[in-house]
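Data block below; observations after.
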Amino acid sequence: MMMPVENWTQELSTLFIINRMQLRRAAYKILGDWDLSDDIVQDAYIKVTEVSAIQNVKQPLAYLFQIVRNLAIDRYRRGIFETELFKSEEEGLFVQALTGMPETNAINRQHLTLMAQALAKLPERTKRVFMLYRLDGYTHRMIADELNISTSLANILIHEATEHCKGVLLK
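Numbering (my numbering), first residue to last: 1 to 171.
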């Protein structure tokens, strides 16, 4: 036999008031956070009051605990998912920015000076191929067409210039 909606709502409110702390503890066991547990109990109350089909529930208190448990598990899983999803972004916030540091600026200037000196020692064609590749973003084919050389030679010259510059920086 189905009881009137007003009676069911009154019984439900009474069950929530009487068992609020137990429902909250049930959520806390899953979430480990009292504030979230309060939110879960409130969400459970709203969810139950919006559904009229539960008027036929034989054990309303057990049903309430099950709803609280399910909502708490959902919140816990969502928290884990969000933590994993945003972890890599947040890790980036704590990495020291080296660009504005005086030591880094001095080292970068020294490296640029060494690179300029290293490039000055290269034959003109090798230097031109390297600059087209590294600075202008040309492909091997574009360099070969521009300088009227083979792509193999362009590759060899890029490799020679790169090795020469690495050697200067590693000294």
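Note that CB positions come from ideal geometry on N, CA and C, so glycine has one too.
Who are the near neighbours of tyrosine 138 in its chain, counting only those whose CB is closer than 8 Å to its CB and skipping five residues on each side?
-> Leu132 and Glu146
Would you be able to state if there are at least three C-beta pairs under 8 Å between the stretch 146-160 and the stretch 114-121?
-> Per the Cβ contact rule, the stretch 114-121 is not in contact with the stretch 146-160 (fewer than 3 Cβ pairs under 8 Å).
Any idea what DSSP makes of asparagine 148, helix, strand or coil?
-> coil
Run the CB neighbour count on serine 37, radius 10 Å, all protein chains shown included, and call it buried at 16 or more, exposed below.
-> So serine 37 ends up on the buried side.
Figure out for me which residue from Glu163, Phe65, Tyr76 and Arg75 has the closest Cα to the Cα of asparagine 183.
-> With the chain covering 1 to 171 only, the question about residue 183 has no answer from this structure.
Grouping DSSP H, G and I as helix and E and B as strand, with all else coil, what is threonine 139?
-> coil
If you draw a straight line from the alpha carbon of methionine 1 to that of alanine 27, how long is it in whole angstroms?
-> Unreliable placement is indicated for methionine 1, whose pLDDT of 46 sits below 50; no coordinate value is reported for it.
Does the distance from the CB of histidine 140 to the CB of threonine 151 come in under 8 Å?
-> yes
Going by Cα to Cα distance, which pick from Asn108, Leu135 and Asn148 is closest to threonine 162?
-> Leu135
Terminal residues of the continuous alpha helix (DSSP H) containing proline 123?
-> That residue, proline 123, is in no alpha helix (DSSP H); it is neither H nor E in DSSP.
Hey, out of Asp39, Glu124 and Lys58, whose CA is closest to tyrosine 76's CA?
-> Asp39
Select from Ile17, Thr104, Asn70 and Glu84 the residue whose C-alpha is nearest the C-alpha of leucine 31.
-> Among Ile17, Thr104, Asn70 and Glu84, the Cα nearest to that of leucine 31 is on Asn70.
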